[in-house]
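Structure first, then comments.
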Amino acid sequence: MKPLAQLSRQLPDPAALQELADELENKYTVQDAPAQTTNLCFYDSFDWRLYTAQLLCFTQNNRLYLTDLTGREVTPPIPITAEKIDFHYKLPASALRKTIAPILEMRTLLLQSCFFQTNQRLRILNKDEKTVVMVTLSQMRGEQGENDEPICSVQLHEVRGYEKWFQRLTQDLDSRGHDQPCTKEQDLKNALAITGRRPKDYSSKMAVTLQPEMDSLTAAKAIYTDLLATMQKNEQGILNDLDSEFLHDFRVAIRRTRSGFDMIKKVMAPTVRSRFKKEFRFLGKITGPVRDLDVYLLMEEDYKARLPDHLQKGLRYFFDDLAAQREMEQKKLVQALQSSRYKTIIKDWEKYLQKKKKDEAAASTKPIAELANSIIWKRFKRVLRDGQAVDANSPDKSLHRLRIQGKKLRYSLEFFTSLYPPKEMKRLIKQLKKLQNNLGLFNDLSVQQDMLNAHLGSLKPGSGKAKKMGAAIGGLLTNLYHEQQQVRCEFEETFRSFSAQENISLYEDLFEGEL
Amino acid sequence: MAIIAVYNIKGGVGKTATSVNLSYMSAARGNNTLLCDLDPQGSSSYYFRVKSKKKFTAELFLEGGNSLEQSIRGTDYEHLDILPADFSFRNLDITLNHMKKSRKRLKRILDPLTSEYRHIFLDCPPNITLLSENIFYAADMILIPFIPTTLSMLSFTKLLDFFKEAGIDRKKLFVVFSMVEKKKKIHQDMMRHFQGRKRILSTSVPFVTDIEKMGLYRKPVPAHLPDSKAGKTYTNLWEEIETELLHRFE
Numbered sequence: 000m001k002p003l004a005q006l007s008r009q010l011p012d013p014a015a016l017q018e019l020a021d022e023l024e025n026k027y028t029v030q031d032a033p034a035q036t037t038n039l040c041f042y043d044s045f046d047w048r049l050y051t052a053q054l055l056c057f058t059q060n061n062r063l064y065l066t067d068l069t070g071r072e073v074t075p076p077i078p079i080t081a082e083k084i085d086f087h088y089k090l091p092a093s094a095l096r097k098t099i100a101p102i103l104e105m106r107t108l109l110l111q112s113c114f115f116q117t118n119q120r121l122r123i124l125n126k127d128e129k130t131v132v133m134v135t136l137s138q139m140r141g142e143q144g145e146n147d148e149p150i151c152s153v154q155l156h157e158v159r160g161y162e163k164w165f166q167r168l169t170q171d172l173d174s175r176g177h178d179q180p181c182t183k184e185q186d187l188k189n190a191l192a193i194t195g196r197r198p199k200d201y202s203s204k205m206a207v208t209l210q211p212e213m214d215s216l217t218a219a220k221a222i223y224t225d226l227l228a229t230m231q232k233n234e235q236g237i238l239n240d241l242d243s244e245f246l247h248d249f250r251v252a253i254r255r256t257r258s259g260f261d262m263i264k265k266v267m268a269p270t271v272r273s274r275f276k277k278e279f280r281f282l283g284k285i286t287g288p289v290r291d292l293d294v295y296l297l298m299e300e301d302y303k304a305r306l307p308d309h310l311q312k313g314l315r316y317f318f319d320d321l322a323a324q325r326e327m328e329q330k331k332l333v334q335a336l337q338s339s340r341y342k343t344i345i346k347d348w349e350k351y352l353q354k355k356k357k358d359e360a361a362a363s364t365k366p367i368a369e370l371a372n373s374i375i376w377k378r379f380k381r382v383l384r385d386g387q388a389v390d391a392n393s394p395d396k397s398l399h400r401l402r403i404q405g406k407k408l409r410y411s412l413e414f415f416t417s418l419y420p421p422k423e424m425k426r427l428i429k430q431l432k433k434l435q436n437n438l439g440l441f442n443d444l445s446v447q448q449d450m451l452n453a454h455l456g457s458l459k460p461g462s463g464k465a466k467k468m469g470a471a472i473g474g475l476l477t478n479l480y481h482e483q484q485q486v487r488c489e490f491e492e493t494f495r496s497f498s499a500q501e502n503i504s505l506y507e508d509l510f511e512g513e514l
Numbered sequence: 000m001a002i003i004a005v006y007n008i009k010g011g012v013g014k015t016a017t018s019v020n021l022s023y024m025s026a027a028r029g030n031n032t033l034l035c036d037l038d039p040q041g042s043s044s045y046y047f048r049v050k051s052k053k054k055f056t057a058e059l060f061l062e063g064g065n066s067l068e069q070s071i072r073g074t075d076y077e078h079l080d081i082l083p084a085d086f087s088f089r090n091l092d093i094t095l096n097h098m099k100k101s102r103k104r105l106k107r108i109l110d111p112l113t114s115e116y117r118h119i120f121l122d123c124p125p126n127i128t129l130l131s132e133n134i135f136y137a138a139d140m141i142l143i144p145f146i147p148t149t150l151s152m153l154s155f156t157k158l159l160d161f162f163k164e165a166g167i168d169r170k171k172l173f174v175v176f177s178m179v180e181k182k183k184k185i186h187q188d189m190m191r192h193f194q195g196r197k198r199i200l201s202t203s204v205p206f207v208t209d210i211e212k213m214g215l216y217r218k219p220v221p222a223h224l225p226d227s228k229a230g231k232t233y234t235n236l237w238e239e240i241e242t243e244l245l246h247r248f249e
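Residue numbers (numbering that gives the first Met the number 0), protein chains in the order written: chain A, 0 to 514; chain B, 0 to 249.
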């Protein structure tokens, strides 16, 4: 059936709302109800996955809504009784949950912003006193901003079968002239603006803009500053253990920084570089155990699907064990992040990055554009050489090493992407991503088998529980091994397309290299 | 999803009141609901202050699809739409008679609407005709408002016989006592006679002026007088239907 029309306009102030209400009352039979104030709260993941997918999720009057950016319902709202809204799988089974699940994946919903909305409903009646259009006059206020001027808007809602009335009212609004259209997205933006924020104010992607003539040290510092900001933004989420991805993004930023130390050599003073190299290795080490366990815990559904019913019980014991271990490791991680050593590292690093001294090292006077070319070209050559050396008889290790090289190339492309034409860079990254996905999957499957083997070794023989776990792990090992063989078979094809002449030429042109 | 017909061979037993108030309750609980007013007298439509389009006719209704969808009207209540009756609906039978698959026509035109509405109520005209056969075929549940008198008993027995002959599943039938007067001995006797039987709903609707006056205030009772005896009765009746019967159709 045809969806019902809706129209929304922003009005300058409460006086304009009153004026409009009076106008309508003079012209039509209007029935009004007392104004109601409700709390409207927007939810999204930390990295704005729903908003990025053009969706808005909010609660109002004990219901959870999912709308598009204009405010039209995408799925019917669902009643919510729980005090807290977090993971999609904890919501009642519904079309709403089904829609957001694949978008949010492992990310929790976070309260992004809340405000008060005072709505007054006016019903426009025909001569039978039947409602033919609904008009909502609304005023929005931030939770703390009681004295601020509210944001005012008017909404028209079509009643099915009375399209002509809706058109008449639309004309009435149009004849008022300059009112701006107002959408649910605008509501979100306004609500966030109250606290100085905006949608998508966090993304795990790097966003450094470099100038070609920038000296290399300044450029490197800009990159590191961006990465440090990412780490700091994720810190609270790790401490509160909101979901697994805070730590993930935190660790990626650490890895990128460490990779920067290796690639952009001779720019920082040697003593500084060697100190922070050591410090960031430490940060990688303290954050590793929880992440490793997270990766396995995230595999739970996947593992369940790999095993028949009679092995499920053993699998459950296994995941209970992992969850208990994780809880322990998380406590250690929180301690580490609250330790004075950690705080000193971050403070000193921040201080160093803010320092504007140029004469640190000789190479730092070189413009970044030159350095970037040689760094990327070097990384590319390395991936090409190592990849070409892999054949059907090469040990698994050679693929793991190639994965690390691929990662370095990826980081170098991302660091310097702002210095090159965006379209070409996008193409290169897309091509590289395919190779990385293959190598990443191969590596994941090895790591998982290693972990399962280690767990198998640690089982105490004799108990029925251990037997069941052993059987489940055995089943998984077989299954994962077969998949890994499959992935390895696909490597050749993937690498062939990465090392195609067309791709090589693109690297040669962009980074002024020659094979 | 369920199609619920409110039906009785006899007139004046409270079919329209039942349809209007139950469809309102269904919508008030957050279910997208459609009330189809199949009675050419158009009482349901009148209660919701809705008139059919001038061009809407029995033929267009039976055509289904777009022409039917365009005749659906929003009521004054959230989640509740109505398909108003047209006077030409008195000819639905004759029109059906000229059609192919004339017994399954109604089901065919309602089916596409089930993706839009969780519950579809049919306020049916009294009598047994080709249209009622269509209704019995299309409905998941047939609710029979029943005044507990001997005459009603007679028509109910007739209906059961008809179902048997026509080979329609009698498990679809449910009886709700309607217009019950506490003071009348015959009502009490009849109700006692039926008590505890299968397919007799335990909530019964009393004979009260608040329901009779619906024609004056033109609103569902639970919307207009939520705390009245009648208002509460319909709330309870809907709860009984929703929790005990409707889950079978999900």
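Ideal Cβ placement from N, Cα and C applies to all residues, glycine included.
Rounded to the nearest whole angstrom, the CA to CA distance from residue 174(A) to residue 72(A) is 28 Å. By the neighbour-count criterion, in which a residue is buried when 16 or more other Cβ atoms sit within 10 angstroms of its Cβ, residue 378(A) is buried. Interface flag for residue 72(B) against chain A is set, since a Cβ pair is found closer than 8 Å. Cβ-Cβ separation between residue 139(A) and residue 116(A): approximately 5 Å, consistent with a contact (criterion under 8 Å).
For residue 72(A), no CB of chain B lies under 8 Å from its own CB, so it is not counted at the interface with that chain. Assignment of beta-bridge partners to residue 5(A) by DSSP yields 156(A). Residues of the region 114-132 of chain B with a Cβ closer than 7 Å to any Cβ of chain A, in chain order: 115. Going by beta carbons, residue 19(A) and residue 153(A) fall inside the 8 Å limit. In terms of beta-carbon proximity, residue 220(B) stays away from the interface with chain A, with every pair separated by 8 Å or more. The count of Cβ pairs closer than 8 Å, one atom from the region 168-178 of chain B and one from the region 144-153 of chain B, reaches three, so the stretches are in contact.
In this structure residue 120(B) is buried. Its beta-carbon is surrounded by 16 or more other beta-carbon atoms within 10 angstroms. By the neighbour-count definition (other C-beta atoms within 10 Å, threshold 16), residue 484(A) is an exposed residue. Cβ neighbours of residue 241(A) within its own chain (closer than 6 Å, five residues either side excluded): 107.
Here the C-alpha atom of residue 98(A) lies approximately 20 Å from the C-alpha atom of residue 81(A).
Taking 8 Å as the cut-off, the Cβ atoms of residue 141(B) and residue 6(B) count as close. Closest by C-alpha distance to residue 150(B), out of 231(B), 238(B), 186(B), is 186(B). Counting along the chain, residue 213(B) sits inside the alpha helix (DSSP H) bounded by residues 213-216.
One Cα belongs to residue 464(A), the other to residue 449(A), and the distance between them is close to 21 Å. For residue 84(B), the closest C-alpha among the options 77(B), 210(B), 57(B), 76(B) is that of 57(B). Counting only runs of 4 or more residues that sit fully inside the region 282-325 of chain A, the alpha helix (DSSP H) segments are 299-305, in chain order.
One thing to note: residue 55(A) has its Cβ within 8 Å of the Cβ of residue 183(A). Only residues of its own chain outside the window of five on either side were considered, and among them 65, 94, 95, 98 have a CB closer than 6 Å to the CB of residue 74(A), listed in chain order. The alpha helix (DSSP H) runs lying completely inside the region 131-215 of chain B and spanning 4 residues or more are 149-165, 184-193, 208-211, given in chain order. Counting only residues of its own chain and dropping the five nearest sequence neighbours on each side, residue 125(A) has a CB closer than 6 Å to the CB of 131.
Across the region 67-99 of chain B, CB contacts with chain A closer than 7 Å involve 68, 71, 72, 73, 75, 80, in sequence order along the chain.
Here DSSP, grouped into helix, strand and coil, assigns residue 77(B) to coil. The beta carbons of residue 494(A) and residue 405(A) sit no closer together than 8 Å. In this chain, residue 4(B) is not harboured by any alpha helix (DSSP H); it is covered by the beta strand (DSSP E) spanning 1-5. Taken through DSSP and simplified to helix, strand or coil, residue 512(A) comes out as coil.
Taking 8 Å as the cut-off, the Cβ atoms of residue 203(B) and residue 239(B) do not count as close. When Cβ pairs closer than 8 Å are counted between the two stretches, the region 289-307 of chain A is seen to touch the region 465-478 of chain A, the count reaching three or more. In the three-state reduction of the DSSP assignment, residue 452(A) falls in the helix class, which pools H, G and I.
For residue 163(A), no CB of chain B lies under 8 Å from its own CB, so it is not counted at the interface with that chain. Restricting attention to alpha helix (DSSP H) runs no shorter than 4 residues, the region 42-102 of chain B encloses them at 42-46, 57-62, 64-68, 91-96, ordered along the chain. Take residue 335(A), set aside five residues on each side of it, and the residues of its chain with a beta-carbon closer than 7 Å to its own are 285, 341, in chain order.
Take the alpha-carbon of residue 63(B) and the one of residue 223(B): they are about 33 Å apart.
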